[in-house]
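Engineer: Got a structure for you, questions after.
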Amino acid sequence: MLILMSPVARPEEVSEVLALLEGAGIRLQVQGSEGTLSILAPHASKAFKADRLETMAGVRKVVPITSPFKLASAEGSLSRTVVNVRGVRFGGGDLALVAGPCGVESREQLFATARYVAEAGLKLLRAGAFKPRTSPYSFQGLGLEGLRLLEEARQEFDLGIVTEATEVEAFESVAHTADLIQIGARNMQNFALLKKAGRCDKPILLKRGPGATLEEWMYAAEYVLAEGNRNVILCERGIRTWSDHARNTLDISVVPAAKAINHLPVVVDPSHATGRRDLVIPCARAGVAAGADGLLVETHCHPEKALSDGPQALLPSDFFQMVHQCRDIHRVLQGSTSGVGLAF
Ligand code: PEP
Ligand code: MN
């Protein structure tokens, strides 16, 4: 349940509610600040009836959370979550753009790409130092050396770093370097990794598994949230269907569907969703039009030489075009929320 405290609740009244819940062994999280305080206690209904808490001094209202994803559910929060990554806001109406090559391959490659990503006005660079690859013989990433190069790139271009943690063993090293840690599609149900992510103090970008339902994706987010990390961003990156024209199928309707049931920001990755450079820009535009809070896009200074995901990497010129078009679409949508009805 979500316990809404009165705007004039006294500190000792808040403490009394907390003591009652904690005394019964209920895990809880205090949200908001003075005047808008609420206590999220997902499993409190097992120990207390709502009216027991509602009659306590300082309690304004008790709202039951019927959703099985107690923490991710929109019912469990009074406002939508805004995740701030080095000044870039995911959620809250902004369009957060993240881009970079699939993997860190060399200083030259990383820096050449980071340079034009920064020139396009982006503040976050994404590249994998640890790559989860389908074949054990494919490029696996530079590992710790890749993390070191990412730190250099942050310094050189003043870009925040988004990079993937593929295993529990290397998690701390990745967390040390990253401003935003990606959990990849293949690891969406790696529960040990999710718990580890939930115990760290960096925001998490949780990709949807290629075969995962919305419900399974929400439960994966719940694993992270339940360990105390409230900064989770969801990323739709395409799912496996019968369609054979692209690497995956971008499930565009999951963007509004996910946002309808949870309070977390949702971004779209049109690169892995399509696997084809010519489809990336149209799908990026569709993601923004569907209400995504941001995009995660692969671009490479020389895609023909890329060690992974070259066919889907945007060329620098395409990349600039995508950024402009997506910002324009976002701006139109922002304007339309002020009441000027639009037909899409
Ligand atoms: C990636 O981001 O480069 C990647 C491998 O993505 P996904 O986990 O979505 O396949
Ligand atoms: Mn990739």
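Numbers in this note's numbering are just positions in the sequence shown, counted from 1, shifted up by 1002.
All C-beta atoms in this analysis are idealised placements derived from N, C-alpha and C, irrespective of residue type, glycine included.
Closest to residue 1011 by CA distance: which of 1031, 1056, 1025 is it?
Structural biologist: It is 1056.
Engineer: List the residues that DSSP assigns as beta-bridge partners of residue 1300.
Structural biologist: Paired residue(s): 1102.
Engineer: Between which two residues does the beta strand (DSSP E) harbouring residue 1237 extend?
Structural biologist: Residues 1234–1238.
Engineer: Figure out for me which residue from 1258, 1325, 1292 has the closest Cα to the Cα of residue 1283.
Structural biologist: Considering only alpha carbons, the answer is 1325.
Engineer: What I want to know is whether the C-beta of residue 1130 ends up closer than 7 Å to one or more non-hydrogen atoms of the ligand PEP.
Structural biologist: Yes.
Engineer: Residue 1041 and residue 1019 - do their beta-carbons sit closer together than 8 Å?
Structural biologist: The answer is yes: Cβ separation under 8 Å.
Engineer: If you follow the alpha helix (DSSP H) that residue 1241 is part of, which residue opens it and which one closes it?
Structural biologist: Per DSSP, residue 1241 belongs to no alpha helix (DSSP H) and is neither H nor E.
Engineer: Ordered along the chain, which non-local residues of its own chain (more than five positions away) have a Cβ less than 6 Å from that of residue 1254?
Structural biologist: 1288, 1292, listed in sequence order.
Engineer: To the nearest angstrom, how far is the alpha carbon of residue 1155 from that of residue 1102?
Structural biologist: Near 11 Å, if we compare the C-alpha coordinates of residue 1102 and residue 1155.
Engineer: How should residue 1184 be labelled, buried or exposed, when 16 other C-beta atoms within 10 angstroms of its C-beta is the threshold for buried?
Structural biologist: Result: buried.
Engineer: With three or more beta-carbon pairs closer than 8 Å as the criterion, would you say the region 1173–1181 touches the region 1091–1099?
Structural biologist: Not touching, per the Cβ criterion.
Engineer: Roughly how many angstroms separate the alpha carbons of residue 1126 and residue 1060, rounded to a whole number?
Structural biologist: One C-alpha to the other measures close to 43 Å.
Engineer: Can you tell me whether residue 1038 is buried or exposed, with buried defined as 16 or more other CB within 10 angstroms of its CB?
Structural biologist: With fewer than 16 other Cβ atoms within 10 Å, it is exposed.
Engineer: Using a Cβ-Cβ cutoff of less than 8 Å, which residues in the same chain neighbour residue 1109 once the five nearest sequence positions on both sides are dropped?
Structural biologist: The answer, listed in chain order, is 1151, 1154.
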